[in-house]
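Under my numbering, the very last position in the sequence shown is 1054; numbers go up by exactly one each time.
Heads up, the beta-carbon is just placed ideally off N, CA and C, and yes, glycines get one too.
I have placed the structure first, in the form of structure tokens, so that the comments after it can refer back to it.
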Amino acid sequence: MTQWLKNYLPDEYVSSVYDLSLDELWRQGRRLLLFDLDNTLVPWNHGEVSEELMNWLDLARGRGFFVCILSNNRGTRVQQFAERIGTDYIAEARKPKDIAFLQAMERFQCTPEMTVMIGDQLFTDVRGGNRVGARTVLVLPISRREWWGTRWNRRAERVILYWLRRRYALRTPNRREKTRN
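Right, here's the structure in full:
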């Protein structure tokens, strides 16, 4: 069971993208930040970009990071959001399959050691990032509103998170003070 469980073990577990240390990631040689979209950057099926998110992404890009959205969502939604924030994207990524991760790394000429996958789901974001050897960061979902398939996956994720806590002392972060619906 231990080896199977490691497939879902994130390298880091934080409350939100705003809790990531860009300085630390840069010191580690990370250069490519791959983000899931729904419930990682914005609430599910939500198109508005907060000023806080824009400022944070500008800060990351200003420090030299490449930023790319990697989403299983349909192309038009991801494209419109990516254009709003001025970043690259790969839609209909079919995470956790390797192909979109490898495409993003090739696009930005980065190795897995230079890549960080940040997302709110174990089965797609963390598993996919781990499969290609990228650093993985699990964030708490922004909202409880989700696609029905994701709600189903969350039930299984709760079981895996329970075992990750027991076996690897994975600590669940506290929610940020500011509420973001």
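- Query: What are the residues that DSSP puts in a beta bridge with GLU885?
  - Reply: Taking the sequence shown and counting its residues from 1, one reaches residue 885 at position 12. Per DSSP, VAL1010.
- Item | Cβ contact (3+ pairs, closer than 8 Å) linking the region 875 to 890 and the region 951 to 964 | no
- Query: Which residues bound the beta strand (DSSP E) around ASP961?
  - Reply: Here residue 961 is taken as the residue at index 88 of the sequence shown, counted from 1. From DSSP, the beta strand (DSSP E) with ASP961 extends over 961 to 963.
- Query: Going straight from the alpha carbon of TRP1036 to that of PRO1014, what length do you get?
  - Reply: In the sequence shown, the residue the question calls residue 1036 occupies position 163. In the sequence shown, the residue the question calls residue 1014 occupies position 141. The alpha-carbon atoms of TRP1036 and PRO1014 are separated by roughly 19 Å.
- Message: With three or more C-beta pairs closer than 8 Å as the rule, is the region 899 to 907 touching the region 987 to 998?
- Response: yes
- Query: Of the choices ASN1026, ALA1029, VAL1010, whose alpha-carbon is the least far from that of ARG1044?
  - Reply: Looking up residue 1044 in the sequence shown gives position 171. Closest option to ARG1044, Cα to Cα, is VAL1010.
- Item | For ALA1029 and GLU956, the rounded distance between their alpha carbons | To locate residue 956, count along the sequence shown from 1; it is residue 83. To locate residue 1029, count along the sequence shown from 1; it is residue 156. Cα to Cα, GLU956 sits roughly 34 Å from ALA1029.
- Message: On the CB-based measure, 16 or more other CB atoms within 10 Å of its CB, does ARG900 come out buried or exposed?
- Response: Counting from one through the sequence shown, the residue named residue 900 turns up at place 27. It counts as exposed.
- Query: Using the C-alpha atoms, what's the distance from VAL1032 back to LEU895?
  - Reply: Translated into the one-based positions of the sequence shown, residue 895 becomes position 22. Translated into the one-based positions of the sequence shown, residue 1032 becomes position 159. Straight-line Cα distance between these residues: approximately 31 Å.
- Residues that VAL940 bridges to, as DSSP identifies them: One-based indexing of the sequence shown puts residue 940 at position 67. DSSP output for VAL940 lists LEU906 as bridge partner(s).
- Query: So, is ARG1000 buried or exposed, given that buried needs 16 or more other C-beta atoms within 10 angstroms?
  - Reply: Residue 1000 sits at position 127 when you count from the first residue of the sequence shown. Classification of ARG1000: buried, given that the 10 Å Cβ count is 16 or more.
- Message: Rounded to whole angstroms, what is the Cα-Cα separation between LYS968 and LEU930?
- Response: Position 95 of the sequence shown, counted from the start, is the residue given in the question as residue 968. Position 57 of the sequence shown, counted from the start, is the residue given in the question as residue 930. LYS968 and LEU930: Cα-Cα distance of roughly 23 Å.
- Hey, could you find the ends of the alpha helix (DSSP H) VAL922 is sitting in? As a working mapping, residue 922 is identified with position 49 in the sequence shown. Run containing VAL922: none; DSSP gives neither H nor E here.
- Query: Name the DSSP beta bridge partners of GLY935, please?
  - Reply: As a first step, residue 935 must be located in the sequence shown, where it is residue number 62. Answer is none; GLY935 lacks a bridge partner.
- Task: Measure the Cβ-Cβ separation of PHE981 and ARG1004 and say whether it is below 9 Å.
- Result: The count along the sequence shown starts at 1 and reaches residue 981 at position 108. The count along the sequence shown starts at 1 and reaches residue 1004 at position 131. Against a cut-off of 9 Å, the Cβ pair of ARG1004 and PHE981 comes out as no contact.
- So the beta strand (DSSP E) ILE991 belongs to, where does it begin and stop? As a working mapping, residue 991 is identified with position 118 in the sequence shown. Start and end: 988 to 992.
- Message: Out of VAL940, GLY937, GLU965, which one is the CA nearest neighbour of ARG950?
- Response: What you label residue 950 is simply residue 77 of the sequence shown in a count that begins at 1. Ranking the options by Cα distance to ARG950, first place goes to GLU965.
- Message: Would VAL915 and PHE954 qualify as a contact pair, given that the criterion is a beta-carbon distance under 9 Å?
- Response: Locating residue 915 in the sequence shown gives position 42, counting from the first residue. Locating residue 954 in the sequence shown gives position 81, counting from the first residue. Closer than 9 Å, so yes.
- Item | Segment limits, alpha helix (DSSP H) that includes THR949 | Reading the sequence shown from its first residue, position 76 is the one you call residue 949. From DSSP, the alpha helix (DSSP H) with THR949 extends over 948 to 958.
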